[in-house]
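> If you scroll down you'll find the structure; I have some questions about it.
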Amino acid sequence: MSLLAYLARRILIYVLVFVISASLVWALVRFAPGDPALTSFLRVMMAPGVTYTPEQVEGIKRQAIELLGLNLPLHEQYALFWRKMLAGDLGYSTYFMAPVSEKLREYLVHDLILIAPAIVVSWFLGNYIGALAARYKSLDRVLVPVIYILTATPYFIFGLVMVYTLGVTLGVFKPIISSTDIKSFLYSPSPQTFYEFMKAYTLPFLSLVLVSMGGWASGMRTLMTYELESNYARYMESLGFSGRKVASYAFRYAINPQITGLGIQLGTVIVAGLALSGIFNYPGAGIALIYAINFRDIFLIQGIAIVYTLMVIIFNFVIDVLYVVIDPRLRHGMMGG
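Taken in order, the sequence shown gives residues 1 to 337; the numbers are from the UniProt record's numbering.
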């Protein structure tokens, strides 16, 4: 299989995955219990100091149903969903009273500055610590219990513990984040806004990094142990190569599965980031998703799910391409030699 054929096949698979995922999201929000038109209807009706006649009430309710397109047959709603989405229109949020794409741009920036650095830092630290644990047995006895505790601890439990200890009890960081803490630094950077930003940002960042790091360290420790006990490693030792040189060769082979795992782990970290948004009140898509579910905002729910699914798919495709570039065995196999 040539490189172009491989890439074309992967693109086709990921396009199919996206179509199925987006269709499932559309179906789930449509068939979930509750009346999505009721939210926008009640928000208009509850405007202070305004009264409506029964005819006006019926007119407002009818407009809400038409706005959501719920007056159309299901197959027309589905076709409209794809037509609008391919044009970049994710619908109108009945909770925020604004286009979903507009709100998601804001939340996406906030989530990226939390999730992207957390993934990179946890991956590098976890692989480094795992490699050290595999090479040095004395260090392994100390690190393994810590690695297992981090790996077994759910993100939200770790987040709650950090909120209570470092936020509430010690008061080192902010236990509850205000969106102002994040936005002030992003749009008006200064030493003071950076200080407030770090006090708010550190706890959710550490929660993501430490728990993710445990998984990477555990995986790298297992892979490095296998490589260091392999025939080529023993042969290098018999030839007089230093332990550091043998470990560097073993690390090159052990790191490849970890790169592949990076794409798989991204989905878990994104879900964890969404969950931690609720714990820390971080102004990301997790908070918006809570509002959307509580107020039955179907366009916001499906917009968040689809955009973040697309992020995971694109990232996995990039990892697939990167894996071909860094692994000469796979690349040479494609070229037939």
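All residues carry an ideal CB built from backbone N, CA and C; glycine is no exception.
Please classify F158: is it buried, with 16 or more other beta-carbons within 10 angstroms of its beta-carbon, or exposed?
Buried, because 16 or more other Cβ atoms sit within 10 Å of the Cβ of F158.
> Look up P99 in the DSSP assignment and say whether it is helix, strand or coil.
Reduced to three states, the DSSP call for P99 is strand.
> Y308: buried (16+ other C-beta within 10 angstroms of its C-beta) or exposed?
Buried.
> Three or more C-beta pairs closer than 8 Å, one from the region 200-215 and one from the region 105-114: is that the case here?
Yes: at least three Cβ pairs fall under 8 Å.
> In chain order, what residues of the same chain have a beta carbon less than 8 Å from the beta carbon of F317, not counting five sequence neighbours either side?
Taken in chain order, the residues that qualify are R10, I11, Y14.
> Give me the Cα-Cα distance between Y136 and V144, rounded to the nearest whole angstrom.
Their Cα atoms are separated by approximately 12 Å.
> How about F251 and V100: are their beta carbons less than 8 Å apart?
It is not a contact, given that the beta carbons lie outside the stated cut-off.
> Considering Cα atoms alone, identify which of L125, K84, Y195 is closest to G219.
Checked all of L125, K84, Y195; the closest Cα to G219 is L125.
> Going by CA-CA distance only, name the one from N294, A27, A79 that's closest to A87.
The shortest Cα separation from A87 among N294, A27, A79 belongs to A79.
> Could you have a look at S93 and say whether DSSP puts it in helix, strand or coil?
It is a strand residue.
> Should Q192 be labelled buried (16 or more other beta-carbon atoms within 10 Å of its own) or exposed?
When all chains shown are included, Q192 counts as exposed.
> Where do the N-terminal and C-terminal ends of the alpha helix (DSSP H) with L166 fall, by residue?
No alpha helix (DSSP H) holds L166; DSSP gives it neither H nor E.
> Can you find at least 3 beta carbon pairs, one from the region 220-229 and one from the region 248-262, that sit closer than 8 Å?
Enough Cβ pairs lie closer than 8 Å, so yes.
> If you run the structure through DSSP and keep just helix, strand and coil, what is K174?
DSSP places K174 in coil when its eight states are reduced to three.
> At which residues does the alpha helix (DSSP H) containing A272 begin and terminate?
From DSSP, the alpha helix (DSSP H) with A272 extends over 243-280.
> If you count every other CB in all the chains shown that lies within 10 Å of the CB of G337, and 16 or more means buried, which is it?
Note that G337 has pLDDT 49, beneath the 50 cutoff, so the model's placement of it is unreliable and no number is given.
> Measure the C-alpha to C-alpha separation of L228 and Y128 and round it to an integer number of angstroms.
When rounded, the distance between both Cα atoms is 15 Å.
> Do you know offhand how far S190's Cα is from Y107's?
One C-alpha to the other measures close to 22 Å.
> Among K61, K183, F156, which one has its Cα closest to the Cα of Y201?
For Y201, the nearest C-alpha among the options comes from K183.
> Indicate the three-state DSSP secondary structure (helix, strand or coil) for P154 in the structure shown.
If DSSP states are grouped into helix, strand and coil, P154 belongs with coil.
> What residue range does the alpha helix (DSSP H) around L310 cover?
Note, L310: alpha helix (DSSP H), 298-326.
> With H, G and I counted as helix, E and B as strand and the rest as coil, what does DSSP make of L228?
L228 falls in the helix class under three-state DSSP.
> The alpha helix (DSSP H) with N294 in it runs from where to where?
Per DSSP, N294 belongs to the alpha helix (DSSP H) from 285-294.
> Suppose the cutoff is 8 Å on Cβ atoms and the five residues either side in sequence are ignored; what does the same chain contact list for Y323 look like?
Within the same chain, Y323 has close Cβ partners N256, I259, T260, L330.
> Buried or exposed: which applies to N281, given that a residue is buried once 16 or more other Cβ atoms fall within 10 Å of its Cβ?
Its Cβ being crowded by 16 or more others within 10 Å, N281 is buried.
> By alpha-carbon positions, which one of F96, L203, A134 ends up nearest to A247?
Checked all of F96, L203, A134; the closest Cα to A247 is A134.
> Is DSSP giving N127 helix, strand or coil here?
Looking at N127 - three-state DSSP - the assignment turns out to be helix.
> So, is T180 buried or exposed, given that buried needs 16 or more other C-beta atoms within 10 angstroms?
By the neighbour-count rule (16 or more Cβ atoms within 10 Å), T180 is not buried but exposed.
> What do you reckon, are the CB atoms on L72 and L90 nearer than 8 Å?
No, they are not a contact pair.
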